[in-house]
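Engineer:
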Amino acid sequence: MRVPIPLVILLCLMAVALPAWLGIQGADFLTPPGEQELRAIRSRTESALPRLATQADAISPQGRGTDVIAAAPPIQLGNLNAPPAIHEYRDRASRGASHLIEIANRLRDKEQDARALLAWERVIDSAEQASSAEIQSAIDAVENLRAELPPWNRIPSRAIPVTIQAGTGKKSAEALEPVLLQAAARLEHASSGILSVAAKVNAGPDIEIDDGPVPVAIWLTGSGENRSSTEVRSFTVATPETLEHDTHRSLYLLVRGHLRNAGDVNPPPAPPEEGDLRAALDTRITRLQWQTFGRLLNEPPENDRTDR
0 MRVPIPLVIL
10 LCLMAVALPA
20 WLGIQGADFL
30 TPPGEQELRA
40 IRSRTESALP
50 RLATQADAIS
60 PQGRGTDVIA
70 AAPPIQLGNL
80 NAPPAIHEYR
90 DRASRGASHL
100 IEIANRLRDK
110 EQDARALLAW
120 ERVIDSAEQA
130 SSAEIQSAID
140 AVENLRAELP
150 PWNRIPSRAI
160 PVTIQAGTGK
170 KSAEALEPVL
180 LQAAARLEHA
190 SSGILSVAAK
200 VNAGPDIEID
210 DGPVPVAIWL
220 TGSGENRSST
230 EVRSFTVATP
240 ETLEHDTHRS
250 LYLLVRGHLR
260 NAGDVNPPPA
270 PPEEGDLRAA
280 LDTRITRLQW
290 QTFGRLLNEP
300 PENDRTDR
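Residues 0 to 307 in numbering that gives the first Met the number 0 are what the sequence shown lists, from first letter to last.
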């Protein structure tokens, strides 16, 4: 027997509508539930939710629930419109070499090369416990940046006077004098014009040595009556070819040794075992270290100072 389609549709509608009418008959959808009923609903809902694990694990953050993980402070580059001081970014040195390197890289990105050079120099002369890799990165950056920038001091009258002193025999003094003059010019360049360097050879009587190495003593002093002096370093000149290398190496070690007593700057790193020592004067000794070195040489020696 075939059932008519309209009858089928009517039966389907009645199958849905009749149970619905029976279910909602007498229900009140407008009146809000009472407080007692709401508490019962909350209780049922909370009991149905899964409990969070109370045991610590290796993934979940540890600590009190009210603690908030502080974000890293933003990198402050300073007032980029103001001319920088020679000691710029020394106040950041306590945060480590990596922080200074980050400052230098950001300044470089902003084409602030003069300030980037100062930040790299702080890695060498001010950073606490900088690694050898960080110092080498700073040396490489200083070499690149200094070639692109003008001297720090371009007014000769403001340069700090320093004199290279040397003592040797009369015969070797003639060969030593041009080397010292060349070294004096090199130190002026390495200091970026901060130092004004003179050279003086003190020729003594020749020592009778049968074609042996010629002894040379070398040191640096300030100017004036109350000048200070570095220690004295000595070397022997076996051949004229080694004289220039030994002179520049001795000067580097004299500056490094004297800055160990500065207190407010780190001493320069050790000179390279191989390579051009003249380049080491440019890249391993910062302009702040050169300024400090010149200032120390032009202060009265410790035993000549009066207590204030």
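Glycine included, each C-beta is placed from N, C-alpha and C at the ideal position.
Determine the direct distance from the alpha carbon of T246 to that of A182, and round the result to whole angstroms.
Structural biologist: Residue mapping note: residue 182 aligns to position 183 of the sequence shown, counting from 1. Residue mapping note: residue 246 aligns to position 247 of the sequence shown, counting from 1. For A182 and T246, the distance between alpha carbons rounds to 8 Å.
Engineer: Are the region 125 to 135 and the region 289 to 297 touching by the rule of at least three beta carbon pairs closer than 8 Å?
Structural biologist: They do not touch, by the three-pair rule.
Engineer: Please work out which residues of its chain come closer than 6 Å, Cβ to Cβ, to V141, disregarding the five sequence neighbours upstream and downstream, and give them in chain order.
Structural biologist: By one-based count along the sequence shown, residue 141 stands at place 142. Contacts found: W119 and T282.
Engineer: Once DSSP output is grouped into helix, strand and coil, what is the label at P270?
Structural biologist: Residue mapping note: residue 270 aligns to position 271 of the sequence shown, counting from 1. Coil.
Engineer: So, for T235: in the same chain, excluding its five sequence neighbours on each side, which residues have a beta-carbon less than 6 Å away from its beta-carbon?
Structural biologist: Looking up residue 235 in the sequence shown gives position 236. Only P212 and P214 meet the Cβ criterion.
Engineer: Across which residues does DSSP place S171 in a beta bridge pair?
Structural biologist: Against the sequence shown, residue 171 aligns to sequence position 172. S171 is not bridged to any residue.
Engineer: Taking the alpha carbon of L194 as the point to measure from, which residue in T291, R248, D275 and G77 has its own alpha carbon closest?
Structural biologist: One-based indexing of the sequence shown puts residue 194 at position 195. Considering only alpha carbons, the answer is T291.
Engineer: Could you tell me which of L175, V196, R105 and N78 sits nearest to R157, measuring between CA atoms?
Structural biologist: Counting from 1 along the sequence shown, the entry for residue 157 is found at position 158. Selected option, being the one with the closest Cα: V196.
Engineer: Start and end of the alpha helix (DSSP H) containing V231?
Structural biologist: For the purposes of this step, residue 231 is identified with residue 232 of the sequence shown, where counting begins at 1. From DSSP, V231 is part of no alpha helix (DSSP H); its letter is neither H nor E.
Engineer: Flag this pair as yes or no: are the beta carbons of D124 and N265 separated by less than 9 Å?
Structural biologist: Here residue 124 is taken as the residue at index 125 of the sequence shown, counted from 1. Here residue 265 is taken as the residue at index 266 of the sequence shown, counted from 1. Yes; because the gap between Cβ atoms is below 9 Å, this pair is in contact.
Engineer: Is A184 buried or exposed, if buried means 16 or more other CB atoms sit within 10 Å of its CB?
Structural biologist: Here residue 184 refers to the residue found at position 185 when the sequence shown is read from its first residue. Exposed, since its Cβ has fewer than 16 Cβ neighbours within 10 Å.
Engineer: Taking N201 as part of the alpha helix (DSSP H), name the residues at either end of that continuous run.
Structural biologist: As a working note, residue 201 is residue 202 in the sequence shown. Per DSSP, N201 belongs to no alpha helix (DSSP H); it is in the beta strand (DSSP E), L194 to G203.
Engineer: Of all the options Q288, P268, W289 and G274, which has the alpha carbon lying nearest to the alpha carbon of I138?
Structural biologist: In the sequence shown, residue 138 corresponds to position 139, counting from 1. Taking only the C-alpha atoms, the option nearest I138 is P268.
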